[in-house]
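S.K.: The structure is given below, and queries will be raised subsequently.
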Amino acid sequence: MVRCPCRVEINLSPMASSPRDITLTIQPESRFDVIDVAERVREEEEGFFGRFGRSAFTSYHTTAGYFEQSFANRLKNNPEALEAYLESFQKLFPPDADYLHDQMELRNELTEEQKAVEPRNADSHLTFIGSGLENTVTYLNRRPDQSVWFVDLDGTNGDEHRNRKTTIIGYDRETVTRRRAVPIRMSGHPIDSVNLWDPRLGLLEELQHEANQLGIRKGRIDLALAPDESHTGLTVNEYETLLMQHDLVDVLRDPIRFMAQKGRNMIKDPGAIKEKAKDYMKYDLVHVVNEFIDAMGLSETLVERIIDKFFQVPAHRFLRMKRSVSMIVSDGSDGAQSHIVSGTYQSPILVQWKRRDERRERILEATFTRFD
């Protein structure tokens, strides 16, 4: 077991306040919606962001989340740019295609009553994973009036507007209290995914116990790939067998072919699919956001770089799979027992698209951080 040799403290405010939780319920206006959560927080508690140096945002959902602050800033934190970026992925994963996840007759884990109301949303799951949306992010509170965008990819189910939940923790100082290695056993298959919350692993209980041992009332647990791990990534999403073992596997094997087979039959020459697909996407993206690009001064070079990322193979360049995921720990606003905050269907998932070696093992690093 590897331990952190020292306590690492980051203090962003000379006059620290005790960490503070706010939990919001949000109702999106449409299936795809981008909502300023920071504005909702200010309506709930004026001056919240002015009191703290940092804020941790967490979503309880597998088709709604946040972008990292650095990525949002690259697009000038403009909701129209974020929408344009996500719309490009939605073209790769169109709704109402023949995803196995959406074929209710195959969903044996659901009752007939559940099948009748279960959303057909494989496209939203794949867009969430591929675009790099995250369940938990940390933002520096640079300006009290800054926007933080909550992105919902599946905000309606038929005529019903869904209720979404997000928690925000304001704090000033963070202290790393422990780091340790976490070995994860993989199968012998080149393309594989592991639900890290699988009860057979016992990892959720281990991490929860350690957080309590360390006295973390409000904080964060990060799971990161070891530096020498390659051809693998992490996400937080729903671990549903058809989605993870079939639909996602098809994407990882050949993302361009997957897109073409799901209704984007763009070309007749299979040998030219990559470049023609890229040209198609570039044309479409530029026309969708042409006025915005002109207004914001985004160059065609930037657009080209974004589209190139979509169509580079192997999959780790096509998908913005992460090398780390985060979960917040909180005792809530009433000081109850602290716990890892997680939605009903959320699980951290380790995905590999090429077997490492005969050891069949991947190494993660767990980092425990306390908020003060």
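Here the working numbering is used: the first residue of the sequence shown is 107, the next is one more, and so on.
We treat Cβ as the ideally placed atom computed from N, Cα and C, and that holds for glycine.
#1: Rounded to whole angstroms, how far is the Cβ of R157 from the Cβ of G276, which I believe are closer than 8 Å?
#2: Return the bridge partner residues of Q458 from the DSSP annotation.
#3: Is it right to say V288 is buried, meaning 16 or more other beta carbons lie within 10 angstroms of its own, or is it exposed?
#4: Within 10 angstroms of its Cβ, does V223 collect 16 or more other Cβ (buried), or is it exposed?
#5: What is the rounded straight-line gap between the Cα of Y191 and the Cα of D258?
#6: For a minimum of 4 consecutive residues, which ranges assigned as the alpha helix (DSSP H) are wholly contained in the segment 170-251?
#7: For a test of the three-state rule: what should DSSP assign to V143, helix, strand or coil?
#8: Are the beta-carbon atoms of Q458 and T338 separated by less than 9 Å?
#9: Given this structure, state the Cα-to-Cα distance separating E174 from F195, to the nearest angstrom.
#10: If we ignore side chains and look at the alpha-carbon of each, how far apart do S448 and L340 end up?
#11: Does the segment 247-261 come within contact of the segment 291-298, defined as at least 3 CB pairs closer than 8 Å?
#12: Name the DSSP bridge partner or partners of E471?
#13: What is the DSSP secondary structure of H315, counted as helix, strand or coil?
#14: Closest to S161 by CA distance: which of E311, S123, Q209 is it?
#15: Whose CA, out of R268, L310, A317, lies closest to the CA of D437?
#16: Assuming contact is defined by CB atoms lying nearer than 9 Å, are I128 and R270 in contact in what I supplied?
#17: So what does Y130 bridge to, in DSSP terms?
#18: Can you name, in chain order, every residue of its own chain whose Cβ lies under 6 Å from the Cβ of R126, other than the five neighbours on each side?
#19: Would you give the residue range spanned by the alpha helix (DSSP H) that R157 belongs to?
#20: Alpha carbon to alpha carbon, how far is R323 from R144? Give it in angstroms, no decimals.
#21: Buried or exposed, going by whether 16 or more other CB atoms sit within 10 Å of the CB of R249?
#22: So what does DSSP say about R148, is it helix, strand or coil?
#23: Among Y166, V282, G264, T233, whose alpha-carbon lies nearest the alpha-carbon of F199?
#24: Can you find the residues in the same chain that come closer than 7 Å, C-beta to C-beta, to Q314, ignoring five residues on each side of it along the sequence?
#25: Taking only the alpha-carbon atoms, compute the straight-line gap between P225 and Y245 and give it to the nearest angstrom.
#26: Taking the alpha carbon of D204 as the point to measure from, which residue in E215, D265, N343, N227 has its own alpha carbon closest?
#27: Exposed or buried, N214, counting other C-beta atoms within 10 Å across all chains shown (16 or more means buried)?
#28: Output the boundary residues of the beta strand (DSSP E) element that contains I434.
#29: Buried or exposed, going by whether 16 or more other CB atoms sit within 10 Å of the CB of T450?
#30: L331 and R429: beta carbons closer than 9 Å?
#31: So is S165 buried or exposed if we call it buried at 16+ other beta carbons inside 10 Å?
#32: Which of the three DSSP states is assigned to M292 in this structure?
#33: Since A442 is in the beta strand (DSSP E), which residue starts that stretch and which ends it?
#34: Here's a check: name, in chain order, each residue in its chain whose Cβ is nearer than 6 Å to the Cβ of W303, leaving out the five neighbours to either side.
#35: Between which two residues does the beta strand (DSSP E) containing D258 stretch?
M.R.: From the atom records:
#1: As a working mapping, residue 157 is identified with position 51 in the sequence shown. As a working mapping, residue 276 is identified with position 170 in the sequence shown. Right, their Cβ atoms sit about 6 Å apart.
#2: Taking the first residue of the sequence shown as 1, we reach residue 458 at position 352. D298, T338, per the DSSP bridge assignment.
#3: In the sequence shown, counting from the first residue as 1, residue 288 sits at position 182. Around the beta-carbon of V288, 16 or more other beta-carbon atoms lie within 10 Å, marking it buried.
#4: By 1-based counting over the sequence shown, the position of residue 223 is 117. Flag for V223 reads exposed.
#5: For this step, residue 191 is matched to residue 85 along the sequence shown. For this step, residue 258 is matched to residue 152 along the sequence shown. Roughly 14 Å between the two C-alpha positions.
#6: 175-180, 185-198, 218-223, 228-237
#7: Numbered from its first residue, the sequence shown carries residue 143 at position 37. Reduced to three states, the DSSP call for V143 is helix.
#8: The count along the sequence shown starts at 1 and reaches residue 458 at position 352. The count along the sequence shown starts at 1 and reaches residue 338 at position 232. Contact: yes.
#9: Looking up residue 174 in the sequence shown gives position 68. Looking up residue 195 in the sequence shown gives position 89. About 17 Å.
#10: Residue numbering aside, residue 448 sits at position 342 when the sequence shown is read from its first letter. Residue numbering aside, residue 340 sits at position 234 when the sequence shown is read from its first letter. Between S448 and L340, the C-alpha separation is close to 16 Å.
#11: In short, these stretches do not touch, since the Cβ pair count stays below three.
#12: To locate residue 471, count along the sequence shown from 1; it is residue 365. Per DSSP, A287, A330.
#13: If you number the sequence shown from 1, residue 315 lands on position 209. Three-state result, H315: helix.
#14: Here residue 161 refers to the residue found at position 55 of the sequence shown. The residue with the shortest Cα to Cα distance from S161 is S123.
#15: The residue labelled residue 437 in the question sits at position 331 within the sequence shown. Of R268, L310, A317, the residue nearest in Cα terms is A317.
#16: On the sequence shown, position 22 is the one that residue 128 refers to. On the sequence shown, position 164 is the one that residue 270 refers to. Not closer than 9 Å, so no.
#17: Here residue 130 refers to the residue found at position 24 when the sequence shown is read from its first residue. Checking the sequence, you will find Leu at residue 130 rather than Tyr. Answer is T272.
#18: Looking up residue 126 in the sequence shown gives position 20. Here the set comprises G276.
#19: For the purposes of this step, residue 157 is taken as the residue at position 51 of the sequence shown. That run of the alpha helix (DSSP H) goes 154-157.
#20: Walking along the sequence shown from the start, residue 144 turns up at place 38. Walking along the sequence shown from the start, residue 323 turns up at place 217. Going by the sequence as given, residue 144 is Ala instead of Arg. Roughly 23 Å between the two C-alpha positions.
#21: As a position in the sequence shown, residue 249 is number 143, starting the count at 1. R249 comes out exposed.
#22: Along the sequence shown, read from residue 1 onward, the residue named residue 148 stands at position 42. In the three-state reduction of the DSSP assignment, R148 falls in the helix class.
#23: Taking the sequence shown and counting its residues from 1, one reaches residue 199 at position 93. Per the Cα distances, T233.
#24: Your numbering for residue 314 matches position 208 in the sequence shown. Answer for Q314: H445, I446, listed in chain order.
#25: To locate residue 225, count along the sequence shown from 1; it is residue 119. To locate residue 245, count along the sequence shown from 1; it is residue 139. If I take the Cα positions, the gap works out to 31 Å.
#26: Counting from one through the sequence shown, the residue named residue 204 turns up at place 98. Considering only alpha carbons, the answer is N227.
#27: To locate residue 214, count along the sequence shown from 1; it is residue 108. Its Cβ having fewer than 16 others within 10 Å, N214 is exposed.
#28: Working through the sequence shown from its first residue, we reach residue 434 at position 328. In the DSSP annotation of this structure, the continuous segment of the beta strand (DSSP E) that includes I434 starts and ends at 430-436.
#29: Within the sequence shown, numbered from 1, the residue matching residue 450 stands at position 344. Counting the other CB atoms within 10 Å of its CB gives T450 a total below 16, which places it among the exposed residues.
#30: For this step, residue 331 is matched to residue 225 along the sequence shown. For this step, residue 429 is matched to residue 323 along the sequence shown. It is a contact, given that the beta carbons lie within the stated cut-off.
#31: One-based indexing of the sequence shown puts residue 165 at position 59. Buried.
#32: Translated into the one-based positions of the sequence shown, residue 292 becomes position 186. Here M292 sits in coil by DSSP.
#33: Taking the sequence shown and counting its residues from 1, one reaches residue 442 at position 336. Element bounds for A442: n/a, residue is neither H nor E.
#34: For the purposes of this step, residue 303 is taken as residue 197 along the sequence shown, with counting starting at 1. For W303, where only same-chain residues beyond five positions count, the Cβ hits under 6 Å are L310, S453.
#35: Residue mapping note: residue 258 aligns to position 152 of the sequence shown, counting from 1. For D258, the enclosing beta strand (DSSP E) has its first and last residue at 255-258.
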